[in-house]
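> Chains V and E, in that order, give the protein sequences.
When the letters of the first sequence are read in order and numbered with the numbering used here, they come out as residues 1 to 794.
When the letters of the second sequence are read in order and numbered with the numbering used here, they come out as residues 795 to 854.
Just so it is clear, CB atoms sit at the ideal spot from N, CA and C, and this is done for glycine as well.
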Amino acid sequence: MAADTRMRTVVYDDEITRAFSLATIIWGAVALLVGALVASQLSFWQANFGVEWLSFGRLRPLHTNAAIFAFVGNMMFAGIYYSTQRLLKARMANDMLSWVNFWGWQAIIVSAAATLPLGLTQGKEYAELIWPIDVAIAVVWVVFAVNFFWTIGKRNEPNLYVAIWFYIATIITIAVLHIVNSLALPTSFVHSYPIWAGVQDALVQWWYGHNAVAFFLTTPILGIMYYYLPKAAERPVYSYRLSVVHFWSLVFIYIWAGPHHLLYTALPDWAQTLGMIFSVMLWAPSWGGMLNGLLTLRGAWDKLRTDPVIKFFVVAVTFYGMATFEGPLLSIKSVSALGHYTDWIIGHVHGGALGWNGFMALGMLYWLVPRLWNTKLYSVKMAETHFWIATVGILMYVVSMWVSGVSQGLFWRALDADGFLKYPDFIEGLVASRAMYQMRLVGGLLYLLSYLLGAYNLFATIARGSKSTVEIQVPEKVKESKEGAGRLITSAPVIFSILIIVLSVLLGLANLLTSPLVLGLLCVAVAAAGLSFAAGRDRWARWHDLIEQNGLAFTVLVLVAIMVGGVVQIIPTVVISSKVPEQVAAYQNEVLPAGGEVDEALAESARWMQQPYSPLELAGRDVYIAEGCYTCHSQMIRPLRHEVLRYGDYSRLEESLLNHPFQWGSKRTGPDLARVGGKYPNLWHYQHFMDPRSTSPESNMPLYAWLKDQTVDFGEVKGRMQTLGKLGVPYTDTDYLNAEADGLSQGRLIAADLTIGSVELEPDSKLAALIAYVQRLGRGPQPIKATDVATGGE
Amino acid sequence: MFQEYFADSTLLTWPLVGLAVFVLAFIAVILYVAFGLSDADKRHHIASLPLDDDNGGAHR
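Below, the structure is given as structure tokens:
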């Protein structure tokens, strides 16, 4: 450095990292505790103690949200705030924004913990939080983004290390996913309906759900791995080149993989195939990243014996490799046919959450906390003990879920010599899984126990340390060259890339006559690009440097990368599922009356087209969502022989086009309910909800007796129908006007039917509404008046 | 019905754009990694950024 270079002092803001680290330790314990409680409820249904806000369907979303957003979220912020300042050699741009981020995030977590047990939910997995909390998340995330990008703008290190790239991808992608998936029309301060419905909602939800895993639980943690693993190993990352390929391929490919959650469903087949192919492609970059992480320890493997931080990191990266092997495997359609809806998915998710995220978090905290409090770890031995108990616990957890999941898959599909179900009673599979559920509970408790030991160790470390402030000297900042962006846009790689993209698209759209011309132009463009590259290899190779040094250009490129996959999948699905009802209606109302040609495809669509719910059924559906029934029951029969034999005809896209939100589900602890309507009498459902063991002796379903004493507010139901009307559900003014009368009338029919079992039920009770809803599933409109019954109803 | 819908739809443009962007991006990244990062000193400097962040830093 030249002697006359003016230096200035940068003081890092580590107070914010300390706050997020403490929050991580506390919320991690809460998430694991709730997880242990819901795991115990699956083994012992009594473990909700008869309290409605402790029931499985309400606590499971609390567990997942706490694990993802509270535990990993706070860990992610702690890791990012610490590493970003050091990698950019700059203090965070604005302390106040950092603290708005911190307290805003904690307020969101507390709000989630207060609302989810009350049954206030949107009924979409990992996106359950009610709309005001969604708005708060968006605001806090923008605050974080502004602070982060502002810090990039005032950085004192020209190069952006690969960890920063992963953070940028996280911030941009989560913002896009959260906003698109949360678009909803409120009906009150605590309730809303998503603007998406049926297959649209399914695709958008799993585009969000899968990429929440990708860009909240993976990319920021990979950024953390690329920073903290080299720090702990005291050597640079194994291959910087590999990290570049890892980043771009992961960002490009991940976003396409969402439809693998919907294989064999009513999602159009092209989207399923796309999701499967891109999921399999993910193998390569994921394992590239895993190997890059593990090989960073080259020459430092001896530390594995003595350093608990390295131990946690190595196991975390190994679990990353295992989960990213298992994920693509499960995304292959034939494997998904076996594994989907089973506990195998639960094992896969926990391998990622406890193994990859949990161990990365704890490795990072064991490295970070002593440095943040300027002391040594309280007890290395205790950390070692923590590591081994947690490792045993997690292995017990995932192995039990693998065994249980594969068993369930085989159980459900087993056919006898005549081609019929060998185990027609669903409960047989559940009974067979019971021992594995108990083993899972023990594994989970071990993990929780070890975590509490770790938390004690970290708090003891904090207690004997003292807060310190780190300051460094950096040269006076040189303003970022404004020429960078201009040079980037007019550079040969960018110009040729745009030209080739345009010509490729034109080639796809060209007809037989024009395609030779377009193909010729494309060949010329490719040849010209090749010549330009040969003539100026260095200039071509510098394009990434230009992007890397220009934060805005880099961010825009990441945005393009993640938008491509989403746009390609979502726009056609949204357009097509909006067009289907229009085409069917036009066919029925115009083509057929005019003596037009019979269209078999449209006639088939018309046969399955969903009709709106009655007021009581809609109220029951809202109860179904509030109680989190979708956490154990699917409403999607796949076109597989054993499913059709067990549940009835396979589900069509048209059957759920009016469902805001969709309720296809992702797990079958209980059976599929898509065609349960009419399968059992009302009295059976009443008894089942009051005491599931009275109709299914081995069931682990909670009681829902409290629904008998809670009443439906039909004024509220009317408002909800009007909101759905705005979203395209074909309710009429007469429907709104008669909402209360029709609701009560249908409730009276159910109540009257129950008297055969000497049961008294108020017609406006939530239990009557829930019975009305489940009886509607898989069927057309049901009788709502006594005269309807007399004339045959539907 | 859905296949026919796509056959007559300009929506097919989107997958084509996606494919083109996807392929070009990968070619570009490979070119950068192969040629832009051919300088070992430069690679070592960037890869070592996590290691030199607190160098000369003072705790107070």
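1. At the 8 Å Cβ level, is residue 286(V) part of the contact set with chain E, yes or no?
2. Check whether the segment 614-629 of chain V touches the segment 712-722 of chain V, taking contact to mean three or more Cβ pairs, one atom from each stretch, closer than 8 Å.
3. Specify, as a first and last residue, the run of the alpha helix (DSSP H) that residue 616(V) falls within.
4. Would you please verify whether the beta carbon of residue 819(E) is less than 8 Å from any beta carbon of chain V?
5. Using alpha carbons as the reference points, say which of 233(V), 722(V), 15(V) lies closest to residue 193(V).
6. Nearest to residue 355(V) by CA position, among 390(V), 81(V), 170(V), is which residue?
7. Beta-carbon separation of residue 219(V) and residue 170(V) under 8 Å?
8. Jot down the residue ranges of each uninterrupted alpha helix (DSSP H) in the segment 51-106 of chain V, minimum 4 residues, whole runs only, in chain order.
9. Could you give the residue range of the alpha helix (DSSP H) that holds residue 37(V)?
10. Helix, strand or coil for residue 471(V) per DSSP?
11. Is DSSP giving residue 186(V) helix, strand or coil here?
12. Helix, strand or coil for residue 348(V), going by three-state DSSP, please let me know.
13. What residues of chain V sit near residue 834(E), judged by a beta carbon separation below 9 Å?
14. Using the beta-carbon of each residue, which ones in chain E are nearer than 7 Å to residue 598(V)?
15. Which same chain residues, not among the five before or five after residue 133(V), have their C-beta less than 8 Å away from its C-beta?
16. Closer than 7 Å by beta-carbon distance: list the chain E residues that pair up with residue 156(V), in chain order.
17. What are the residues in the segment 553-578 of chain V lying within 8 Å of chain E by C-beta distance?
18. Note down, in chain order, each residue of its chain lying with its Cβ closer than 8 Å to the Cβ of residue 473(V), except the 5 sequence neighbours on either side.
19. Can the beta-carbon of residue 633(V) be found less than 8 Å from the beta-carbon of residue 593(V)?
20. May I have a chain-ordered list of the beta strand (DSSP E) segments no shorter than 3 residues that lie completely inside the segment 679-725 of chain V?
21. From residue 515(V) to residue 600(V), what distance separates their C-alpha atoms?
22. Which runs of the alpha helix (DSSP H) at least 4 residues long sit entirely within the segment 285-327 of chain V? Give them in chain order.
23. For the candidate residues 394(V), 304(V), 428(V), whose alpha-carbon lies nearest to that of residue 410(V)?
24. Let me know the alpha helix (DSSP H) ranges lying completely inside the segment 226-276 of chain V, each 4 residues or longer, listed in chain order.
25. Comparing the CB of residue 89(V) with every heavy atom of the ligand COA, is any distance shorter than 7 Å?
26. Output needed in chain order: residues of the segment 493-519 of chain V with a Cβ under 7 Å from some Cβ in chain E.
27. Determine the contact status of residue 253(V) and residue 216(V), defining contact as a CB-CB distance below 8 Å.
28. Is there a C-beta anywhere in chain E that falls below 8 Å from the one on residue 542(V)?
29. So with CB distances below 7 Å, who are the chain E contacts of residue 537(V)?
30. Name the DSSP bridge partner or partners of residue 191(V)?
31. Ignore the nearest five residues each way along the sequence and tell me which others in residue 36(V)'s own chain have a CB closer than 8 Å to its CB.
32. Just how far apart, CA to CA, sit residue 590(V) and residue 577(V)?
33. Thinking just about the alpha-carbon of each residue, which of 674(V), 746(V), 772(V) is nearest to the one in residue 785(V)?
34. Find the nearest neighbour of residue 580(V) within the set 13(V), 512(V), 652(V), judged by alpha-carbon distance.
35. With a Cβ-Cβ cutoff of 8 Å, do residue 245(V) and residue 296(V) count as a contact?
Here's the rundown:
1. no
2. yes
3. 615-626
4. yes
5. 722(V)
6. 390(V)
7. yes
8. 56-65, 73-88
9. 15-43
10. strand
11. strand
12. helix
13. Chain V residues near residue 834(E): none, gap ~10 Å exceeds 9 Å.
14. Near residue 598(V) there are no residues of chain E at all, since even the closest Cβ is about 14 Å away, more than 7 Å.
15. 108, 111, 112, 115
16. Near residue 156(V) there are no residues of chain E at all, since even the closest Cβ is about 11 Å away, more than 7 Å.
17. 560, 561, 564, 565, 567, 568, 571, 572, 575, 576
18. 7, 8, 9, 10
19. no
20. none
21. 35 Å
22. 303-306
23. 428(V)
24. 240-254
25. By its list of ligands, the structure shown contains no ligand whatsoever, and the ligand COA lies outside what it can speak to.
26. 493, 497, 500, 501, 504, 505, 508, 509
27. no
28. yes
29. 829
30. 188(V)
31. 441, 444, 445, 448
32. 20 Å
33. 746(V)
34. 652(V)
35. no
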